[in-house]
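Below: the structure, in structure tokens.
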Amino acid sequence: SQTIHQWPATLVQPVGSPLSLECTVEGTSNPNLYWYRQAAGRGLQLLFYSVGIGQISSEVPQNLSASRPQDRQFILSSKKLLLSDSGFYLCAWSVTGPNEKLFFGSGTQLSVL
Amino acid sequence: RKEVEQDPGPFNVPEGATVAFNCTYSNSASQSFFWYRQDCRKEPKLLMSVYSSGNEDGRFTAQLNRASQYISLLIRDSKLSDSATYLCVVNIPGGFKTIFGAGTRLFVKA
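One line per chain: the protein sequences are A and B, in this order.
Heads up: the first sequence at position 87 corresponds to 87 in our numbering, and the numbers run straight through without jumps.
Converting from the second sequence to our numbering requires adding 113 to each position, the first position being numbered 1.
Below is the structure:
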């Protein structure tokens, strides 16, 4: 069966510090991968998605970047965090098809202070 | 107009009640539809897909009305453990467009 791992679960970082969040998927090949952010009490905002190694699409221009160095690895990064980067970050995977469903990792609660 | 709209609630209901959530979507090309459940500070989890013919999973019934661009979720005999936020999700073909509604918060009380 497929599983998705995301870490760390919580992170407290000072403003201006770098960020690296990692996500890996097991049990499937060539998944679509996604990074979402959820601000407190708000809906899910799609940040990046990837259909293959090195292929990244950005939905919202901002202080973040994503990379996919391996088929089942997706990394979210920032060189300098802003206060507004605080939120709940979720990695997800799916397999392309007519009834595509997303499956989420357990999330990272990021607090930028 | 938002692509996917839900009543934010909260819905406060007693145990055993029947509660219904509604969701509307704006893109008539939307192809597939889902309900997700999200507990506080947790990841969203797939609750059920929504089919044109309507579908049922235990106490949960989902329905789709393509003509009105409307999706619903009915929960019968509410349990305390049903307390969560319910997210309406719509897939639009051609470009990995999975749109999440902002969610409807449900509180089930003893």
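In this text, a Cβ means the ideal position worked out from N, Cα and C, and glycines have one as well.
At a Cβ threshold of 7 Å, is residue i touching chain B?
i: A:PHE74; result: no
i: A:LEU11; result: no
i: A:PHE104; result: yes
i: A:GLY107; result: yes
i: A:LEU44; result: yes
i: A:LEU64; result: no
i: A:LEU90; result: yes
How should residue i be labelled, buried or exposed, when 16 other C-beta atoms within 10 angstroms of its C-beta is the threshold for buried?
i: B:SER145; result: buried
i: B:GLN119; result: buried
i: B:ALA142; result: exposed
i: A:ALA92; result: buried
i: B:SER165; result: exposed
i: B:PRO149; result: According to the sequence as given, residue 149 of chain B is Tyr; it is not Pro. B:TYR149 comes out buried.
i: B:LEU177; result: buried
i: A:GLY105; result: buried
i: A:THR10; result: exposed
i: A:LEU90; result: buried
i: B:GLY214; result: buried
Identify the contact partners of residue i in chain A, using a Cβ-Cβ distance below 7 Å as the criterion.
i: B:LEU177; result: Here the premise fails: no neighbours, minimum Cβ distance about 13 Å.
i: B:ASN204; result: GLU100
i: B:PHE147; result: LYS101
Report yes or no: is there a C-beta of chain A within less than 7 Å of the C-beta of residue i?
i: B:SER169; result: The sequence shown places Glu at residue 169 of chain B, rather than the Ser named in the question. Output row for B:GLU169: interface = no.
i: B:ALA215; result: yes
i: B:PRO157; result: yes
i: B:THR211; result: yes
Can you confirm whether residue i, when its beta carbon is compared against all beta carbons of chain D, has any partner nearer than 7 Å?
i: A:LEU81; result: No chain D is part of this structure, whose protein chains are labelled A and B.
What is the C-beta distance between residue i and residue j, in whole angstroms, given that I count them as a contact (C-beta under 8 Å)?
i: B:SER196; j: B:PHE220; result: 5 Å
i: A:THR28; j: A:HIS5; result: No, A:THR28 and A:HIS5 are not in contact; Cβ-Cβ is about 13 Å, not under 8 Å.
i: B:THR217; j: B:THR198; result: 7 Å
i: A:LEU82; j: A:VAL12; result: Contact flag wrong, Cβ pair sits at about 15 Å.
i: A:ILE75; j: A:SER67; result: 5 Å
i: A:TYR36; j: A:LEU19; result: Actually they do not touch by this definition, with Cβ atoms about 15 Å apart.
What does DSSP give as the partner residue(s) for residue i in the beta ladder?
i: B:GLN119; result: B:CYS136
i: A:GLY52; result: A:GLN55
i: A:CYS23; result: A:GLN6, A:PHE74
i: B:ARG172; result: Answer by DSSP bridge pairing: none, since B:ARG172 is not bridged.
i: A:GLY97; result: In DSSP, A:GLY97 forms no bridge with anything.
i: A:ASN30; result: DSSP output for A:ASN30 lists no bridge partner at all.
In chain A, what lies closer than 9 Å to residue i by C-beta?
i: B:ARG154; result: PHE88, GLY107, GLN109
Confirm the yes/no value for this check: CB of residue i, any heavy atom of the ligand MN, distance under 6 Å.
i: A:GLU26; result: Ligands are entirely absent from the displayed structure, and the ligand MN is therefore not among its contents.
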